[in-house]
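Novice:
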Amino acid sequence: MNIEEIAKKMVAKGKGILAADESTGTMEKRLKSVNVACTEKNRLQFREALFSSPSMKNCISGVILFDETLRQTASNGLSIPELIKKSGSIPGIKVDKGAKILSGSNKEKITEGLDSLRERMEEYYKLGARFAKWRAVYSISSKNPSEQCIKSNAHALARYAALVQEAKMVPIVEPEVLMDGDHTIDKCYEVTSRVLAECYNELAIHNVNLKGTVLKPNMILPGTNCKQKSSSEEIAKKTLECLKKNMPSEVPGVAFLSGGQSEIEATKNLNEINKINDTSFNFTFSFGRALQQSALKTWAKSMSEITKVQKVFDHRAKMNGASTEAKWNEKLEQSFAA
Ligand code: 13P
Numbered sequence: 000m001n002i003e004e005i006a007k008k009m010v011a012k013g014k015g016i017l018a019a020d021e022s023t024g025t026m027e028k029r030l031k032s033v034n035v036a037c038t039e040k041n042r043l044q045f046r047e048a049l050f051s052s053p054s055m056k057n058c059i060s061g062v063i064l065f066d067e068t069l070r071q072t073a074s075n076g077l078s079i080p081e082l083i084k085k086s087g088s089i090p091g092i093k094v095d096k097g098a099k100i101l102s103g104s105n106k107e108k109i110t111e112g113l114d115s116l117r118e119r120m121e122e123y124y125k126l127g128a129r130f131a132k133w134r135a136v137y138s139i140s141s142k143n144p145s146e147q148c149i150k151s152n153a154h155a156l157a158r159y160a161a162l163v164q165e166a167k168m169v170p171i172v173e174p175e176v177l178m179d180g181d182h183t184i185d186k187c188y189e190v191t192s193r194v195l196a197e198c199y200n201e202l203a204i205h206n207v208n209l210k211g212t213v214l215k216p217n218m219i220l221p222g223t224n225c226k227q228k229s230s231s232e233e234i235a236k237k238t239l240e241c242l243k244k245n246m247p248s249e250v251p252g253v254a255f256l257s258g259g260q261s262e263i264e265a266t267k268n269l270n271e272i273n274k275i276n277d278t279s280f281n282f283t284f285s286f287g288r289a290l291q292q293s294a295l296k297t298w299a300k301s302m303s304e305i306t307k308v309q310k311v312f313d314h315r316a317k318m319n320g321a322s323t324e325a326k327w328n329e330k331l332e333q334s335f336a337a
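The structure is reproduced here in structure tokens:
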């Protein structure tokens, strides 16, 4: 498959991406929250349970892995990328080295990891990865994000995307405007608009083939501490409007991050977006927390009962799969008997 075909497959209707690329530091937090020790064995056991779930075949188009996981072997002897491929899903790899303080800014972040990326991509391809991810983060406050933060992150995202395509892989371009804060939904719209416009400006400068990319943005949401709450209808309308305004038509689709929304909120909002989608873009998910939270809790309670964990994960994957086709509803959600 060439990169354009891979990108299309990643955002195909009915399916979405499982973001299981938490760094060891983030996994430490996740496992601590359910009182499980963050050992290599435990990280692998939980992830293997997800990657061998029945829903992988029909609901998960791709899995984003962390460097450690890409190199691990499943209990049946298959390498983790092979295990993922066996269900028809595509293995991917997070290649950024995290967001660090941007020197000269008001505590804003710049994502690092461009050094030696060409050589790393070559190795990742050999290990079986066919797409990559790089996440930039932007916080909202009265002064942030600054022009400096928006421009430097867009530049890094574009250089990353060009290197990934050189290695014949699809770059997921992930500019995440964070939910933290008390900003309004309109402020989120305005900031996301500026961020996306600059990203596509830089991607064009770096001659990135947009047909071989996937955008992974935030939905347009009010800040977590904003007093004025928004309905799913409003979130969907503003998200769609913002993306229509800023995305070039060549991009095959969007795979949203969940960003701290609850599992149900993320599913419901994606469903609403697809209900009113009047574009040629496919809108799907690339959720981390919103796909794994309940499964993680179940696993922590009964670590040996893998089937139970998989049932919980399968339900979330199916619900999100349904929402990519605007087929999700409360009744379907309730259909799950744990
Ligand atoms: P969340 O869906 O938990 O935001 O994670 C998605 C992701 O990959 C963040 O980079």
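Throughout the sequence shown, residue numbering follows numbering that gives the first Met the number 0, covering 0 to 337 in sequence. Heads up, the beta-carbon is just placed ideally off N, CA and C, and yes, glycines get one too.
Could you pull out every residue in the same chain whose Cβ sits closer than 6 Å to the Cβ of P251, ignoring the five residues on either side in sequence?
Specialist: A6, K7 and V10, listed in sequence order.
Novice: P170 and A160: beta carbons closer than 9 Å?
Specialist: Contact: yes.
Novice: Taking just the CA atoms, how far does G24 sit from V33?
Specialist: So the alpha carbons of these two residues sit roughly 15 Å apart.
Novice: Rounded to a whole number of angstroms, what is the C-alpha to C-alpha distance between V207 and S52?
Specialist: Their Cα atoms are separated by approximately 35 Å.
Novice: Roughly how many angstroms separate the alpha carbons of Q333 and I272, rounded to a whole number?
Specialist: Roughly 21 Å separates the two Cα atoms.
Novice: Note down, one range per segment and in chain order, each alpha helix (DSSP H) of at least 4 residues found wholly within the stretch 12 to 70.
Specialist: If we require 4 residues or more, the alpha helix (DSSP H) runs fully inside the stretch 12 to 70 come out as 23 to 32, 39 to 50, 54 to 58 and 66 to 69.
Novice: Given this structure, state the Cα-to-Cα distance separating L17 from Q147, to the nearest angstrom.
Specialist: Going from the Cα of L17 to the Cα of Q147 covers about 31 Å.
Novice: Is it true that the stretch 95 to 102 meets the stretch 65 to 72, where meeting means three or more beta-carbon pairs spaced less than 8 Å apart?
Specialist: With the cut-off at 8 Å, the stretch 95 to 102 and the stretch 65 to 72 do not touch.
Novice: So is R117 buried or exposed if we call it buried at 16+ other beta carbons inside 10 Å?
Specialist: Classification for R117: exposed.
Novice: Thinking K215 and A254 are a contact (beta carbons under 8 Å), I'd like their distance in whole angstroms, please.
Specialist: Confirmed, about 5 Å.
Novice: Starting from the N-terminal end, write out each residue whose C-beta falls within a distance shorter than 5 Å of any non-hydrogen atom of the ligand 13P.
Specialist: Residues with a Cβ closer than 5 Å to any heavy atom of the ligand 13P, in chain order: A18, R134, L256, S257, G258, F286, G287 and R288.
Novice: Could you tell me the alpha carbon to alpha carbon distance between F36 and S22, rounded to whole angstroms?
Specialist: The question names Phe, but residue 36 is Ala in the sequence shown. Each residue's alpha carbon lies about 15 Å from the other.
Novice: Could you check what DSSP says for G252 in three-state terms: helix, strand or coil?
Specialist: Correct three-state label for G252: strand.
Novice: With 16 other CB atoms within 10 Å as the buried threshold, where does E201 fall?
Specialist: With 16 or more Cβ atoms within 10 Å of its Cβ, E201 is classed as buried.
Novice: Quick test of the definition: if touching needs 3 or more C-beta pairs under 8 Å, does the stretch 71 to 91 touch the stretch 117 to 134?
Specialist: As far as the Cβ criterion goes, the stretch 71 to 91 touches the stretch 117 to 134, which means the pair count is three or higher.
Novice: In chain order, what residues of the same chain have a beta carbon less than 7 Å from the beta carbon of K99, not counting five sequence neighbours either side?
Specialist: Closer than 7 Å at the Cβ level, and outside the excluded window around K99, lie K108, I109 and E111.
Novice: If you run the structure through DSSP and keep just helix, strand and coil, what is S151?
Specialist: Residue state, collapsed to three classes: helix.
Novice: According to DSSP, L214 sits in a beta bridge with which residue or residues?
Specialist: BP columns for L214 point to V172 and V253.
Novice: Quick check: the Cα distance between V176 and S285, rounded to an integer number of angstroms?
Specialist: Their backbone Cα atoms lie some 15 Å apart in a straight line.
Novice: May I have the straight-line CA-CA distance separating F335 from V308, to the nearest angstrom?
Specialist: Approximately 13 Å, taken between the alpha carbons.
Novice: Check the C-beta distance from I83 over to F50 and give it rounded, since I have them as a contact under 8 Å.
Specialist: That pair is a contact at about 6 Å.
Novice: Count the other CB atoms, across all protein chains shown, that sit within 10 Å of the CB of A203; report buried if there are 16 or more and exposed otherwise.
Specialist: So A203 ends up on the exposed side.
Novice: What did DSSP end up calling G320 once you bin it into helix, strand or coil?
Specialist: Reduced to three states, the DSSP call for G320 is helix.
Novice: Among H205, K330 and E249, which has the Cα closest to the Cα of S267?
Specialist: It is Lys, not Ser, that sits at residue 267 in the sequence shown. The shortest C-alpha separation from K267 is found at K330.
Novice: State buried or exposed for D313, treating a residue as buried only when at least 16 other CB atoms are found within 10 Å of its CB.
Specialist: With 16 or more Cβ atoms within 10 Å of its Cβ, D313 is classed as buried.
Novice: On the three-state DSSP scale, how would you describe W298?
Specialist: If DSSP states are grouped into helix, strand and coil, W298 belongs with the helices.
Novice: Here's the rule: buried if 16 or more other CB atoms are within 10 angstroms of the residue's CB, otherwise exposed. What is T283?
Specialist: Burial call: buried.
Novice: Can you tell me whether I139 is helix, strand or coil according to DSSP?
Specialist: It is coil, neither helix nor strand.
Novice: Please list, in chain order, all residues of the same chain as S231 whose beta carbon is under 7 Å from its beta carbon, the five residues on each side excluded.
Specialist: Excluding positions up to five away in sequence, the list reads K267, N268 and E271.
Novice: Let me make sure I understand the geometry here. Which of Y124, E122, T306 and P221 has the alpha-carbon closest to that of G258?
Specialist: Looking at the Cα atoms, P221 is the closest of the given residues.
Novice: Please report the straight-line C-alpha distance between D179 and L64, rounded to a whole angstrom.
Specialist: Spanning the two alpha carbons is a distance of roughly 25 Å.
Novice: Under the three-state reduction of DSSP, which class applies to P90: helix, strand or coil?
Specialist: Here P90 sits in strand by DSSP.
Novice: By a C-beta neighbour count over all protein chains shown, 10 Å radius and 16 as the cutoff for buried, is N227 buried or exposed?
Specialist: The question names Asn, but residue 227 in the sequence shown is Gln. So Q227 ends up on the exposed side.
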